[in-house]
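Letter 96 of the sequence shown, counting from 1, is numbered 96 in my numbering, and no numbers are missing. We put the CB at the ideal spot given by N, CA and C, even for glycine. Here the structure is a predicted model, which means the values were calculated and not measured. Structure first, commentary second.
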Amino acid sequence: MTSSSNGQLSSLSVQRRFITTHNAETKAIVHSAEDFQWQAYDGDKMGFSVVYSTSQSPPDLNGDADIRSHEALTKKGTGLVNPNGSVLRCVDFAPGYRCGMHRTQSLDYGIVLEGEIDMLLDSGEVHHMKAGDVAVQRATNHQWLNRSDTKWARMIFVLQDCQPLNVGGQTMSEDLGKDLAFLPSSR
Numbered sequence: 001m002t003s004s005s006n007g008q009l010s011s012l013s014v015q016r017r018f019i020t021t022h023n024a025e026t027k028a029i030v031h032s033a034e035d036f037q038w039q040a041y042d043g044d045k046m047g048f049s050v051v052y053s054t055s056q057s058p059p060d061l062n063g064d065a066d067i068r069s070h071e072a073l074t075k076k077g078t079g080l081v082n083p084n085g086s087v088l089r090c091v092d093f094a095p096g097y098r099c100g101m102h103r104t105q106s107l108d109y110g111i112v113l114e115g116e117i118d119m120l121l122d123s124g125e126v127h128h129m130k131a132g133d134v135a136v137q138r139a140t141n142h143q144w145l146n147r148s149d150t151k152w153a154r155m156i157f158v159l160q161d162c163q164p165l166n167v168g169g170q171t172m173s174e175d176l177g178k179d180l181a182f183l184p185s186s187r
């Protein structure tokens, strides 16, 4: 069940996105400003908001090409990773929620904005993270666990497509596992 018209599930603060551009006099201006738009997943236990995306690297900012590309991708939809580009995604995790173990073919920066969360790795390692902590995920198999019984946790992720990763002669590719099969594939 969503708590607001923007689809946000949690009672955490409403976040806004400001996209800047240039006017004809080459001065910086705000192109658009709006609340994050949310999509509910996994029985309303996890919310995603794709804040921005690029479809090439480096991105083309000329004539607002990147903005048009982001708007087109938003209409079409994307997996966790945007091939050849990047995705800025905010994720809310319900109290007690554990997402499925998964791997993306990407270099990800995950920053805890609110609450606390555990990062679990397929090696068995568990690392507790609090607001301000950063995880640099390098195409590793991981999952997130909000151990709180009462508080939502919020993270923001920058996912950047990467070259195929080979470890010990094995190519590591995207693996959403059975618990995240409801998400679309990135490739």
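Cβ-Cβ separation, residue j to residue i (assumed contact under 8 Å), whole Å
{"i": "residue 82", "j": "residue 49", "result": "The pair is not a contact, with the Cβ atoms about 15 Å apart (cut-off 8 Å)."}
{"i": "residue 161", "j": "residue 84", "result": "6 Å"}
{"i": "residue 120", "j": "residue 159", "result": "Not quite, the Cβ-Cβ distance comes to about 19 Å (not below 8 Å), so this is no contact."}
{"i": "residue 134", "j": "residue 110", "result": "7 Å"}
Contact check, residue i vs residue j, beta carbons under 8 Å
{"i": "residue 100", "j": "residue 178", "result": "yes"}
{"i": "residue 65", "j": "residue 114", "result": "no"}
{"i": "residue 184", "j": "residue 148", "result": "no"}
{"i": "residue 91", "j": "residue 155", "result": "yes"}
{"i": "residue 143", "j": "residue 98", "result": "yes"}
{"i": "residue 47", "j": "residue 9", "result": "yes"}
{"i": "residue 7", "j": "residue 37", "result": "yes"}
Assigned exposure category for residue i - 16 Cβ within 10 Å defines buried
{"i": "residue 4", "result": "exposed"}
{"i": "residue 80", "result": "buried"}
{"i": "residue 72", "result": "exposed"}
{"i": "residue 104", "result": "buried"}
{"i": "residue 61", "result": "exposed"}
{"i": "residue 126", "result": "exposed"}
{"i": "residue 122", "result": "exposed"}
{"i": "residue 39", "result": "exposed"}
{"i": "residue 181", "result": "exposed"}
Opposing strand residues paired with residue i [DSSP bridges]
{"i": "residue 153", "result": "93"}
{"i": "residue 171", "result": "166"}
{"i": "residue 145", "result": "98, 118"}
{"i": "residue 159", "result": "87, 108"}
In chain order, which beta strand (DSSP E) runs of at least 3 residues are fully inside the stretch 10-62? Complete beta strand (DSSP E) runs here, min 3: 16-22, 28-35, 39-41, 46-54.
Would you mind listing the alpha helix (DSSP H) stretches within the stretch 83-142 that are 4+ residues and don't spill past its ends, in chain order? Counting whole runs of 4 or more residues, the stretch 83-142 contains no alpha helix (DSSP H) stretch at all.
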